[in-house]
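Chemist: Residue numbers (our numbering): 482 to 934.
Cβ coordinates follow ideal geometry from the N, Cα and C atoms, glycine included.
Bear in mind the structure is a predicted one, so any value in this text is a computation, not a measurement.
First the structure, which I've put down as structure tokens, then a few questions once you've had a look.
What follows is the structure, encoded as structure tokens:
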């Protein structure tokens, strides 16, 4: 692995940082989230025109820049640093790769050039608040997360009146960017109970029966929406063979997108954590108490040093995950494991940096007028949307084969009761080990045998 960035990659980061410093300060962020779309549309068009940001990772054949996951991760690190409200993640990280992977040639030719030039925004709608599960970040249950039948979610059936197309019914909660996206990629169950499969459908803004409502989200810089589909006309993304093969192709495409998205989201979280740390260091250098800057006190130094180490470790993990996804392919096990662990590390670092920013800013850090709450809300929201951290790590460990079959049900341990298979004295295979789980002569043996896998 070559850890050095190319001149082009450094230029992307430098140019974007300069532009966002001028156009996306804290006051501009607070103003942008109050608008109807939830972001500065003029800035979005400038980012698309100047840097080709929406099409950064798209092929040049469809009007994209032709870069990859690494460049997109570096760009999102800078947007995370500024807490940029934009449809970048929803459009370029989630939706566009799915269109490129599953769409027909006609669909790709129609949609991808418009996405690349910033003229079309898109969002991925996954039922049941199961976005990380659908992307394979926290578990794998086939397409069950999409619901269907009595399980709720979104159902799809062929449009028999028109003879072509599909009709969608259902509701999706918490769709990032869904209130303003001009194109929705909706995951729905088709085929009924016996031949059920999860497919992706294209729903255009303004379709009859489509009802969208912007939610009051914890993090206003990452707006979310509730999508209601009432007999909505939809177009299938790609082709359907009528069998389970189509559902398997969708699951594989979602998992590949999830691997790349994990690296990009990790880099974005690192950018936000680094910005929170930088602001806190500047404050403790200037704020004086007892005749000296509070940053000169050893307790404050230790806390900031811990945050610095966490941020740097998360940055290294995010860069490696982006490299693994770009070089080894997003479908590889190494890239998937690296992406999940990097995202977990970055979310933890972001949460730690934001919490310390609030604490070390003292009384002002708790006020609405200060910027510290923006980073704290981003940290909390990201973990709710893409985590939790312990499940990201559990999924990575499962991919790597670190646990045996008895350790997987449901969160590790035999039959979900811990590693010993039940009460103290019983092994995982049902046999008795000669103890009853009580303390041994040293007062600890029984406990050790009761919890040891």
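Which residue from 713, 789 and 742 puts its Cα closest to that of residue 579?
Modeler: The option with the nearest alpha carbon to residue 579 is 742.
Chemist: Between the Cα of residue 764 and those of 851, 817, 809 and 819, spot the shortest distance and give me the residue it belongs to.
Modeler: If we check each option's Cα against that of residue 764, 851 comes out closest.
Chemist: Which whole-angstrom value describes the C-beta separation of residue 529 and residue 599, a residue pair presumed to lie in contact below a C-beta threshold of 8 Å?
Modeler: Their Cβ separation, rounded to whole angstroms, is 3 Å, which keeps residue 529 and residue 599 in contact under 8 Å.
Chemist: Please return the same chain residues whose Cβ sits closer than 7 Å to the Cβ of residue 963, not counting the five positions on each side in sequence.
Modeler: A query on residue 963 cannot be resolved here, the shown segment of the chain reaching from 482 to 934 and no further.
Chemist: Hey, how far is the Cα of residue 838 from the Cα of residue 712?
Modeler: One C-alpha to the other measures close to 48 Å.
Chemist: What residue from 574, 492 and 567 has the CA that sits closest to residue 746's CA?
Modeler: Selected option, being the one with the closest Cα: 574.
Chemist: Taking residue 645 as part of the alpha helix (DSSP H), name the residues at either end of that continuous run.
Modeler: Here residue 645 belongs to no alpha helix (DSSP H), and DSSP marks it neither H nor E.
Chemist: Which of the three DSSP states is assigned to residue 867 in this structure?
Modeler: Here residue 867 sits in helix by DSSP.
Chemist: So, are the CB atoms of residue 744 and residue 795 less than 7 Å apart?
Modeler: No. Outside cutoff.
Chemist: In whole angstroms, what is the alpha-carbon distance linking residue 895 and residue 825?
Modeler: Legend: pLDDT at residue 895 = 37, less than 50; position of this residue unreliable, value from coordinates given subsequently. Each residue's alpha carbon lies about 25 Å from the other.
Chemist: Between residue 616 and residue 866, which are expected to be in contact by the criterion C-beta below 8 Å, what is the C-beta distance as a whole number of angstroms?
Modeler: With 8 Å as the limit, residue 616 and residue 866 do not qualify as a contact, their Cβ atoms being about 11 Å apart.
Chemist: Just to confirm the assignment, what range does the beta strand (DSSP E) spanning residue 678 have?
Modeler: Counting along the chain, the beta strand (DSSP E) containing residue 678 begins and ends at 678-685.
Chemist: Straight-line CA distance for residue 724 to residue 676?
Modeler: The alpha-carbon atoms of residue 724 and residue 676 are separated by roughly 7 Å.
Chemist: Per DSSP, what kind of secondary structure is residue 589 in: helix, strand or coil?
Modeler: DSSP places residue 589 in helix when its eight states are reduced to three.
Chemist: Report yes or no: do the segment 660-669 and the segment 683-690 share at least 3 C-beta pairs separated by less than 8 Å?
Modeler: Output reads yes: the segment 683-690 touches the segment 660-669.
Chemist: With the cut-off set at 7 Å, would you say residue 549 and residue 536 are in Cβ contact?
Modeler: No, they are not a contact pair.
Chemist: Compute the Euclidean distance between the alpha carbons of residue 767 and residue 786, then round it to the nearest angstrom.
Modeler: In a straight line, the C-alpha of residue 767 is about 18 Å away from that of residue 786.
Chemist: So, are the CB atoms of residue 561 and residue 704 less than 7 Å apart?
Modeler: Result no, Cβ atoms of residue 561 and residue 704 do not sit closer than 7 Å.
Chemist: On the three-state DSSP scale, how would you describe residue 574?
Modeler: Three-state DSSP puts residue 574 in a helix.
Chemist: Would you mind listing the alpha helix (DSSP H) stretches within the segment 513-572 that are 4+ residues and don't spill past its ends, in chain order?
Modeler: Counting whole runs of 4 or more residues, the segment 513-572 contains the alpha helix (DSSP H) stretches 522-532 and 550-563.
Chemist: Taking the alpha-carbon positions, what's the residue 521 to residue 781 distance?
Modeler: Whole-angstrom Cα-Cα distance: 37 Å.
Chemist: Using alpha carbons as the reference points, say which of 769, 770, 758 and 805 lies closest to residue 790.
Modeler: Considering only alpha carbons, the answer is 758.
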